[in-house]
Amino acid sequence: MSHIFKNQKLVIVILLLIFALSRLITWFFGPVYFTEIIYSYMPFAHLWASGVVPYLEQWYEYPPATIPLFYIPHLIDSLTHGTILHLNYAVSYRLQMLIIDSSLFGLIMIVLKRRQASGLLFIAPLVYYILATAKAHDFIYDTMDLSFAAAMTLGLTAPELFKGSRAIFISWFGFALSVALKLMNGPLGIVYAIQERKKWKKFLIVGSVAVLAVWAVPLVIYRSSLSVMFVYHQIRGLQADSTGAVIVRIIDKFTHSEKVIEVYKNYEMSGFLSTEMLKFLAVFFPISILLFVLYASYIVFNAKQSKQQYLRISFTIGYLLLMMLVGKVLSRPFMLWLIPLIAVLPFSSWKKQMKFLVISLSAVSVQLTLIPHFEIWVFDSGLLVGITRSILFATLFYWWWQELRVQISS
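In this text, residue positions in the sequence shown follow the working numbering: the first is 52, and each later residue adds one.
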């Protein structure tokens, strides 16, 4: 076995074969009951094809980079219609996500090779990515979240793969694209900008070009109408899977004051406790994000140059974990955000890496496993899953914090 580990070319071939097999399984075992492709994305594309302009004539909830993501499959469907190679919208969209998934796996492998990782430090992250994404087989190609994760990963790893202006451009292009897909990671731009302060002239020019390459056209076409995105988030309720909702559901077992309602295929909590939790999170969430960004900015400002790349990836992971712990919105596809970032997070030893990967894979598995209904005392299986998931995420955040402190002090 040790002989196989030492032969990296053989290891790469085996990993590629395992990845290919897992993607075949993923392709043929997609969602059974519900898919965002048919419910949301395809109707959007058909609406735009009819001449309706998003934002200006339509209350469109997603950021602007999702427009080509959702519209390209419609073009493929139209261009191949009536031919022997016809690819309908759903197949075209899933094929698009398969390409992103395969490219992301290749990117992770290239990054690990560039670091000259060997043995388990090379194998474990790739196996983790394969297993974690395969666990999400019923929606990984049927949502847009993997594209957001891929854009973030590209931006974060660019400094390891390129040099000079090219590294700055690709890094900030990836960041701008990820923000234009999901918005969530926008505040981290402050932290990344502080890391570029020693080459600020080049950063201002090249970074601005990269950001404008993504955002210039949407800003010119849609202008202030883009603010519709924020309105949609503002009116969203307390999603049943969020940590805040889990706390409310525990208390509700004794108060019986809450109920779960369906809003646009999302399950939200409704009732007195849920309203109070939303008020609390409306204050606690932005304060938590602000304090995190301030702390991260302070650390990267004072850190050695040799630590900056680790901190760039690490603080992004910590930020996403914090959002999942204190946000009012949490759904199964959010798990996809963390998977590639954890796979490229540098570790000082394989033991620390394995501990982090195992607990992360456990959290992903708990969130993504459909468990039959049962009850233990007053708690049903759905609530027990929510409690377990919240504990695992809190544990993961704590271990992230511990490893960060070790890296900073070394």
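C-beta: ideal position from N, C-alpha, C; glycine also.
Small disclaimer: the values here were computed from a predicted structure and weren't measured.
Where does residue i fall in DSSP's three states?
{"i": "V457", "result": "helix"}
{"i": "N317", "result": "strand"}
{"i": "E327", "result": "helix"}
{"i": "A445", "result": "helix"}
{"i": "L341", "result": "helix"}
{"i": "D292", "result": "coil"}
{"i": "D189", "result": "coil"}
{"i": "E426", "result": "strand"}
{"i": "Q109", "result": "strand"}
{"i": "I135", "result": "coil"}
{"i": "V103", "result": "coil"}
{"i": "K60", "result": "helix"}
{"i": "V311", "result": "strand"}
To the nearest angstrom, how far is the alpha carbon of residue i from that of residue j?
{"i": "D303", "j": "E309", "result": "6 angstroms"}
{"i": "Y111", "j": "W266", "result": "17 angstroms"}
{"i": "M328", "j": "E319", "result": "12 angstroms"}
{"i": "M52", "j": "K186", "result": "At M52 the pLDDT is 48, less than 50, meaning the model places this residue with poor confidence and gives no usable figure here."}
{"i": "R274", "j": "F281", "result": "14 angstroms"}
{"i": "F444", "j": "K403", "result": "17 angstroms"}
{"i": "V429", "j": "Q109", "result": "45 angstroms"}
{"i": "I221", "j": "H424", "result": "47 angstroms"}
{"i": "S432", "j": "L158", "result": "38 angstroms"}
{"i": "I350", "j": "L362", "result": "9 angstroms"}
{"i": "L495", "j": "S382", "result": "What is shown of the chain runs 52 to 461, which leaves residue 495 out entirely."}
{"i": "S198", "j": "Y192", "result": "10 angstroms"}
{"i": "I521", "j": "L289", "result": "Since the first residue of the chain shown is 52 and the last is 461, residue 521 is not available in this structure."}
{"i": "R287", "j": "D196", "result": "18 angstroms"}
{"i": "R248", "j": "I312", "result": "48 angstroms"}
{"i": "F95", "j": "S101", "result": "10 angstroms"}
{"i": "L332", "j": "I76", "result": "40 angstroms"}
{"i": "I245", "j": "L342", "result": "16 angstroms"}
{"i": "N236", "j": "I135", "result": "42 angstroms"}
Against chain D, with Cβ distances strictly below 8 angstroms, would residue i count as a contact?
{"i": "S229", "result": "Protein chain content of the structure displayed is limited to a single chain, and chain D is not contained in it."}
Tell me which residue opens and which closes the alpha helix (DSSP H) that residue i is part of.
{"i": "M502", "result": "The structure shown does not extend to residue 502, since the chain is modelled only from 52 to 461, so the question has no answer here."}
{"i": "M235", "result": "Here M235 belongs to no alpha helix (DSSP H), and DSSP marks it neither H nor E."}
{"i": "D128", "result": "T117 to T131"}
{"i": "V417", "result": "W401 to L419"}
{"i": "M160", "result": "Y140 to R165"}
{"i": "T204", "result": "D196 to L212"}
{"i": "A244", "result": "L239 to Q246"}
{"i": "Q356", "result": "That residue, Q356, is in no alpha helix (DSSP H); it is neither H nor E in DSSP."}
{"i": "S382", "result": "Where S382 is concerned, there is no enclosing alpha helix (DSSP H), given that its DSSP letter is neither H nor E."}
{"i": "V268", "result": "S259 to Y273"}
{"i": "T254", "result": "Position check: residue 254 holds Phe in this sequence, whereas Thr was assumed. First-last for F254: undefined, no H or E at that position."}
{"i": "I286", "result": "V279 to I286"}
Please classify residue i: is it buried, with 16 or more other beta-carbons within 10 angstroms of its beta-carbon, or exposed?
{"i": "I427", "result": "exposed"}
{"i": "G133", "result": "exposed"}
{"i": "Y179", "result": "buried"}
{"i": "K379", "result": "buried"}
{"i": "P384", "result": "buried"}
{"i": "N139", "result": "exposed"}
{"i": "I460", "result": "Reading off the sequence, residue 460 comes out as Ser, not Ile. Classification of S460: exposed, given that the 10 Å Cβ count is below 16."}
{"i": "S86", "result": "In the sequence on display, residue 86 carries Thr and not Ser. Classification for T86: buried."}
{"i": "S293", "result": "buried"}
{"i": "H307", "result": "exposed"}
{"i": "Y346", "result": "exposed"}
{"i": "R437", "result": "It should be pointed out that residue 437 corresponds to Gly in this sequence rather than to Arg. By the 10 Å Cβ count, G437 comes out buried."}
{"i": "A414", "result": "buried"}
If you measure from the CB of residue i, is any heavy atom of the ligand SAM nearer than 7 angstroms?
{"i": "V64", "result": "Although the ligand SAM was asked about, the structure shown includes no ligands whatsoever."}
* **Stretch-stretch touch, CB-based, cutoff 8 angstroms, three pairs: the stretch 204-220 with the stretch 385-399** => yes
| Sufficient close CB pairs (3 or more, under 8 angstroms) joining the stretch 107-122 to the stretch 220-239 | yes
Practice item. Check whether the stretch 247-262 touches the stretch 213-223, counting contact only when three or more Cβ pairs, one atom from each stretch, lie closer than 8 angstroms. Key: yes
Quick check: the stretch 445-459 against the stretch 405-417, are there 3 or more CB pairs under 8 angstroms? yes
On the three-pair Cβ rule with 8 angstroms, is the stretch 343-360 touching the stretch 155-172?
no
- [ ] Specify whether the stretch 295-302 and the stretch 324-340 touch according to this definition: at least 3 beta carbon pairs, one from each stretch, less than 8 angstroms apart.
- [x] yes
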